[in-house]
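Have a look at the structure below before the remarks.
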C-alpha cells in the first residue's frame, strides 16, 4: 500500500509535528495543527481557510482492534497552515509560524532539519557545519552589499511603493499572499471579490466572471495530491498574475483599502 510520504517528524514546542507530501507541496494534518494552537474544533478551524488551502486525503489510522484502516483526513497546505496560525490569538501560534518557516526552509536547503542525528554522526556534523559556515559567509556578504545598495537607493530615489513591488514581480501568486499585503485573510479577499461580482466558486475553485476571464488576471494551477492506493488526486487552484494583482490593487484603492507598505509610508 502506498502511503502519503512523511518528510519530517519531530516534536516542536512540546507538540507533535509531522510534515507530509513533498517539499514543493508540504501538507499538515489538520487535527495536528488544531492541537498546536489548542483549537477545540478542527472542523470550525477548517472553515476559516480557502478551499485551495486544504484537501481531504485517505490516510491510515490506528484500528482499535489492531492494525490500520484507511480514513479520509483533512490536510492543510503550507498556505493553509500560515492562514490558520495568523488568525489564531494564541501566543503559541506566532511561535509555531516561525518554527514551521524555519524547518521548511532548512529542509529545502539541506534536505533535513535535524539535531540528534547530527550530534551522533561526526562526519555529518562536520559537513553540516561547513555548509552552514559557507552559507553564513555568503549571507553576510550579500547583506553588506544589500545594505550599501539600500543606502544609495534611500539617498537618490523615493521610497518603493506596493505598486513598484507588483511591477517588479513576475510570478503568479495565491489570493492569500495578496490578502496578507492588505492585512486581510484569503477568505476575506475572496468574499470581497465575490460580492463585487468579479469571481464565483465552481467545484471548489474560484473562477472569474466572463467580463474578466479573458483579461489575463488569473491562471489555473494543478495541485497533485497522492492517494493511498497510489493514484493521484488532481485539484485545480486559481492563482493571480501580476496583472491581476494590479487589478485587485486598483479595486481595493477605490474602496480606500491600501496595502500595509503604503500605510507605513503615509504615516512616516
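Numbering (UniProt numbering), first residue to last: 1 to 268.
Here a beta-carbon is modelled for each residue, glycine too, at the ideal position from N, C-alpha and C.
Between the segment 91-98 and the segment 31-40 there are three or more inter-stretch CB-CB distances shorter than 8 angstroms, so the stretches are counted as touching. By the Cβ test, the segment 170-179 is in contact with the segment 230-249, since at least three Cβ pairs between them sit closer than 8 angstroms. Annotation for residue 176: no beta strand (DSSP E) segment contains it, though the alpha helix (DSSP H) segment containing it runs 175-180. According to the DSSP assignment, residue 237 belongs to the beta strand (DSSP E) that extends over 232-240. Counting only residues of its own chain and dropping the five nearest sequence neighbours on each side, residue 244 has a CB closer than 6 angstroms to the CB of 217 and 218. For residue 12, the uninterrupted beta strand (DSSP E) run begins and ends at 6-12, by DSSP.
Residue 200 sits in a strand when the DSSP states are folded into three classes. Residue 76 sits in a strand when the DSSP states are folded into three classes. By the Cβ neighbour-count rule, residue 259 is buried, with 16 or more other Cβ atoms within 10 Å of its own. Counting C-beta atoms within 10 angstroms of its own C-beta, residue 187 has 16 or more neighbours from the protein chains shown and is therefore classed as buried. The alpha-carbon of residue 208 is positioned some 20 angstroms away from that of residue 253. Setting aside the 5 residues that flank it on each side, residue 37 is surrounded in the same chain by 84, 85, 88, 90, 92, 93 and 96, each with a C-beta closer than 8 angstroms to its C-beta; the list follows chain order.
According to the DSSP assignment, residue 45 belongs to the alpha helix (DSSP H) that extends over 42-46.
Judged by DSSP in its simplified three-state form, residue 106 adopts helix. Going by C-alpha positions, residue 230 is about 28 angstroms away from residue 206.
CA-to-CA, the gap between residue 47 and residue 17 works out to about 22 angstroms.
Pairing residue 77 with residue 5 gives a Cβ-Cβ distance that is not under 8 angstroms. The Cβ atoms of residue 28 and residue 57 lie no closer than 8 angstroms to each other. In the three-state scheme derived from DSSP, where H, G and I count as helix and E and B as strand, residue 184 is classed as coil. Residue 70 sits in a strand when the DSSP states are folded into three classes. Under the DSSP assignment, residue 205 falls in the beta strand (DSSP E) whose first and last residues are 205-208. Only buried fits residue 190, as 16 or more other CB atoms lie within 10 angstroms of its CB.
Per the coordinates, the alpha-carbon of residue 140 lies some 12 angstroms from the alpha-carbon of residue 148. In the structure shown, residue 220 adopts extended strand secondary structure according to DSSP, grouped into three states. Secondary-structure assignment with DSSP links residue 172 through no beta bridge to anything.
Taking 8 angstroms as the cut-off, the beta carbon of residue 224 is found closer than this to the beta carbon of residue 232.
For residue 26, the beta-bridge partners assigned by DSSP are 21. The three-state secondary structure of residue 49, taken from DSSP, is coil. Within its own chain, the residues whose Cβ lies closer than 7 angstroms to the Cβ of residue 179, once the five positions on either side in sequence are excluded, are 185, 186, 188 and 189, listed in chain order.
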